[in-house]
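Student: Sharing a structure, written as structure tokens. Questions coming.
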Amino acid sequence: MTENPIRVRFAPSPTGMFHVGGARSALYNWALARQQDEGRFVLRIEDTDAARNKPEWTEGIIQALAWLGIGESDPHFEGPYFQSDYAEKHRETAERLYDEGRAYYCDCTREQVQERRDNPNLGYDGFCRDRGLEPGPGRALRFRVPEGGPTVVEDRIRGRVEFEHTSIEDFVVARADGSPLFVLANVVDDVEMGVNTVIRGEEHLSNTPKQQLLWEALGQAPPSWAHLPVIVNEKRQKLSKRRDKVALETYQEEGFLPEAMVNYLMLLGWAPGGDREIMPWSEMAPLFRISDVNSSSAFFDEKKLRAFNGEYIRALEADDFVERCRPWLSPEVAPWPEENYDDDVFRAVAPLAQSRVAVLSEIVANVDFLFLDEPVDDPKSWSKAMKPETGGPMLAAARERLADPALSWEPEALRAELEAAGEGLGLKLGKAQAPVRVAVTGRTVGLPLFESLELLGRERTLLRIEAAQERLRAEEAGAAPAGADAAPASTAEGTAAVE
RNA sequence: GCCCCCAUCGUCUAGUGGCCUAGGACGCCGCCCUUUCAAGGCGGUAACGCCGGUUCGAAUCCGGUUGGGGGUACCA
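The numbering of the first sequence is the UniProt record's numbering, which starts it at 1 and goes up by one.
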């Protein structure tokens, strides 16, 4: 027997941001569509809510999908379709439901329904079921839920789920103005587009019996359903736009690699087996089985995502890493004056930074000392490294040695000089390098120091050490003898600002 | 309230009656390496919610319970 090729769909509504849950859902759908030669991933933009819909939001959806590797260039991709283009079909279908007695008009207001029902637990009471109301102003169209029995949803993740018809109210399928509701429009479109497999979030599970009833009422065999577990925050609540970090775009801006994001997202509810987690999409996608997806909710763990991202970054070819960093180095966003930037210098340091960044945006803090006029002022680093007993003396010793014009300005020699300078003060290299590092880069942590100095150059290195010495002297002169912890620091900052 | 879903380390998961004194990964902790920080290497911490059944045998099957979650719109 030959199976019909799978037709899945991804049907986001434009909201101005792309939800990570939607991203996972899209990926699962995409994996399935690509497993069959004729498999199709249908993109439909559910743009009927004109009130909150902007054209650029649709573009955002397409771009986000493309970032994930889902796009128009692939033959498995179909669309995008726009729900708004099918408005006529929606209305026709609503009429048809009415004509065939599967739906009826209702003029009850919410208040009337509420007053009438004896049991506040029930929804609509079916008051207008047999009143034979004609279409007209103020009249919504309600689906006539069959009297007996349950509707059984066969879910490929959850198995058999039964909904007694007594617990499904006669739901509205079209508003009084004739416009269709999600529950109807969604089904009509799926029928129209030949969708045979619906994979979506668990929040839609309770819509499913209603939609299945609709498919049947339209004389169609319902699709194969699969409801994915919700993605939750640390408090185990569904990730919400309002309170959680859910926008794919945000992760992209921070410098998460799409490969890492895709890998991580695939693992939220599913595992390829064999104790493997880091796996490229090309290997992962063929292994994906919808029936193997977990049914319990999954916490979106950014820590683990970062770990994955770091792995992917480290695995990048050196040149690729440089290219991927570019967006954070561009003049529009970089903190340094444009003319200070030197691409050769960046290419030279990049390999040192590659194992040190978990997300690409961190590249900036790693290399900014090379392009800034002055190193950043980080008070914590300063106070930690510039202890009175060691800071000044170490800077002085370092300056003297590094100023020697005979010194060859390369890492090994620089190391030897600083080591010797430290020895003279009874400091091991670990301690000795700290004041120099802070004087030159502004921070206690960073790239390997001697390579950094080499790239910075003798002149700028010496200038920065001298500037730091000056600042130290100013602090000593200005520091109140009774000064508390915070007092010298603020004085220091004030001094630095004047410079 | 009502309908529905879910339940293995802190987290994501492996596990579909014996291979489990429960495996991997992230996190966390320790050690090594080391010019800082990373990276890397080595080691450690830590889970089958609870109560009953079924069975020679249960993380795996059944019932209950507790606890989470989703949905309850003329939103999508």
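Where is the CB? At the ideal position from N, CA and C, for every residue including glycine. Small disclaimer: the values here were computed from a predicted structure and weren't measured.
1. Which of helix, strand or coil does DSSP assign to P229?
2. Just to check my reading of the structure: L449 and R437 have Cβ atoms closer than 8 Å, yes? What is that Cβ distance to the nearest angstrom?
3. Taking all protein chains shown into account, do 16 or more other C-beta atoms lie within 10 angstroms of the C-beta of V376, making it buried, or fewer, making it exposed?
4. For P12, collect the residues of the same chain with a Cβ closer than 6 Å to its Cβ; drop the 5 residues on either side in sequence, then sort them by chain order.
5. Which residues in the same chain have their Cβ closer than 7 Å to the Cβ of P229, if we skip the five residues on either side of it in sequence?
6. Contact check, A94 vs R156 under 8 Å by CB: the rounded distance?
7. Name the one or two DSSP bridge partners that P209 has.
8. Might you give, ordered along the chain, the residues of its own chain that have their beta carbon closer than 7 Å to the beta carbon of G149, omitting 5 neighbours on each side?
9. Can you tell me which of T444, L414 and L407 puts its alpha carbon nearest to the alpha carbon of K384?
10. I'd like to know whether the C-beta atoms of D342 and G442 end up nearer to each other than 7 Å.
11. Assuming D320 is part of the alpha helix (DSSP H), what are its boundary residues?
12. For V438, name the three-state secondary structure that DSSP assigns.
13. For T495, name the three-state secondary structure that DSSP assigns.
14. With respect to the beta strand (DSSP E) encompassing D155, which residues constitute its N-terminal and C-terminal limits?
15. For R102, I'd like the list of residues in its chain whose CB is within less than 7 Å of its CB, leaving aside the five on either flank, ordered along the chain.
16. Is it the case that the stretch 163-183 contacts the stretch 205-220, given that we only count it when at least three CB pairs across the two stretches are under 8 Å?
17. Going residue by residue through the stretch 417-478, where are the continuous beta strand (DSSP E) segments of at least 3 residues, counting only ones entirely within it?
18. Is the distance from the Cβ of A31 to the Cβ of A285 below 7 Å?
19. If the criterion is Cβ atoms closer than 7 Å, does the pair V188 and H76 meet it?
20. Where do the ends of the beta strand (DSSP E) carrying Y104 lie?
21. With H, G and I counted as helix, E and B as strand and the rest as coil, what does DSSP make of F18?
22. May I have the straight-line CA-CA distance separating P5 from R200, to the nearest angstrom?
23. By the DSSP assignment, the beta strand (DSSP E) with F10 in it spans what residues?
24. Would you mind reading off the limits of the beta strand (DSSP E) that contains L43?
25. To which residues does DSSP link L141 through a beta bridge?
26. Mapping DSSP to helix, strand and coil, what is V346?
27. Take every Cβ of the stretch 131-138, pair it with every Cβ of the stretch 105-112, and state whether three or more of those distances are shorter than 8 Å.
28. In whole angstroms, what separates the C-alpha of V367 from that of G159?
29. To which residues of the same chain is V173 closer than 8 Å at the C-beta, ignoring the five residues directly before and after it?
30. Alpha carbon to alpha carbon, how far is M386 from R401?
Tutor: So, from the listed chains and residues:
1. Counted from its first residue, the first sequence places residue 229 at position 229. In the structure shown, P229 sits in coil (DSSP, three-state: anything other than H, G, I, E or B).
2. Working through the first sequence from its first residue, we reach residue 449 at position 449. Working through the first sequence from its first residue, we reach residue 437 at position 437. L449 to R437, Cβ: 5 Å. Contact.
3. Here the question's residue 376 lines up with position 376 in the first sequence. With fewer than 16 other Cβ atoms within 10 Å, it is exposed.
4. Numbered from 1 along the first sequence, position 12 holds the residue referred to as residue 12. Result list for P12: G22 and I61, in chain order.
5. As a first step, residue 229 must be located in the first sequence, where it is residue number 229. Cβ within range, chain order: E202, G269, N294, S295, S296, S297 and A298.
6. Here the question's residue 94 lines up with position 94 in the first sequence. Here the question's residue 156 lines up with position 156 in the first sequence. Not a contact, Cβ separation roughly 30 Å.
7. Here the question's residue 209 lines up with position 209 in the first sequence. Assignment of beta-bridge partners to P209 by DSSP yields no partner.
8. For the purposes of this step, residue 149 is identified with residue 149 of the first sequence, where counting begins at 1. Shown here for G149: same chain residues with a beta carbon closer than 7 Å to its own, the five before and five after excluded, namely H165 in chain order.
9. The count along the first sequence starts at 1 and reaches residue 384 at position 384. When each option's Cα is compared against that of K384, the closest is T444.
10. Position 342 of the first sequence, counted from the first residue, corresponds to residue 342. Position 442 of the first sequence, counted from the first residue, corresponds to residue 442. The beta carbons of D342 and G442 sit no closer together than 7 Å.
11. In the first sequence, residue 320 corresponds to position 320, counting from 1. First-last of the alpha helix (DSSP H) with D320: A318 to L329.
12. Within the first sequence, numbered from 1, the residue matching residue 438 stands at position 438. Residue state, collapsed to three classes: helix.
13. In the first sequence, the residue the question calls residue 495 occupies position 495. Any reading at T495 is ruled out, since the residue's pLDDT is 35, under 50, leaving its predicted position unreliable.
14. Start at 1 with the first residue of the first sequence, and residue 155 comes out as number 155. Segment P150 to D155, the beta strand (DSSP E) holding D155.
15. Your numbering for residue 102 matches position 102 in the first sequence. Non-local beta-carbon contacts of R102 in its own chain, meaning distances under 7 Å to residues more than five positions away in sequence, involve F143, R144 and A217 in chain order.
16. At 8 Å Cβ cutoff, the stretches touch.
17. Those beta strand (DSSP E) runs which fall completely within the stretch 417-478 and span 3+ residues do not exist here.
18. Indexing the first sequence from 1 puts residue 31 at position 31. Indexing the first sequence from 1 puts residue 285 at position 285. Yes, these two residues count as a Cβ contact at 7 Å.
19. Stepping through the first sequence from its first residue, residue 188 is reached at position 188. Stepping through the first sequence from its first residue, residue 76 is reached at position 76. Cβ atoms of V188 and H76: not closer than 7 Å.
20. In the first sequence, counting from the first residue as 1, residue 104 sits at position 104. Y104 -> beta strand (DSSP E) spans A103 to C106.
21. On the first sequence, residue 18 is found 18 positions in, with the first residue counted as 1. The three-state secondary structure of F18, taken from DSSP, is coil.
22. Here residue 5 refers to the residue found at position 5 of the first sequence. Here residue 200 refers to the residue found at position 200 of the first sequence. In a straight line, the C-alpha of P5 is about 19 Å away from that of R200.
23. Position 10 of the first sequence holds residue 10. From DSSP, the beta strand (DSSP E) with F10 extends over R7 to F10.
24. In the first sequence, residue 43 corresponds to position 43, counting from 1. For L43, the enclosing beta strand (DSSP E) has its first and last residue at R40 to I45.
25. On the first sequence, position 141 is the one that residue 141 refers to. DSSP lists Y105 and A174 as partners of L141.
26. As a first step, residue 346 is located in the first sequence; it is residue number 346 there, counting from the start. As written in the sequence, residue 346 is Phe, which differs from the Val given in the question. Taken through DSSP and simplified to helix, strand or coil, F346 comes out as helix.
27. Segments in contact, yes.
28. Translated into the one-based positions of the first sequence, residue 367 becomes position 367. Translated into the one-based positions of the first sequence, residue 159 becomes position 159. Between V367 and G159, the alpha-carbon positions lie close to 54 Å from each other.
29. Position 173 of the first sequence, counted from the first residue, corresponds to residue 173. Excluding sequence neighbours, V173 sits near A94, L97, A103, L141, R142, F143, P180, L181, V183, L184 and L214.
30. Along the first sequence, read from residue 1 onward, the residue named residue 386 stands at position 386. Along the first sequence, read from residue 1 onward, the residue named residue 401 stands at position 401. Between M386 and R401, the C-alpha separation is close to 19 Å.
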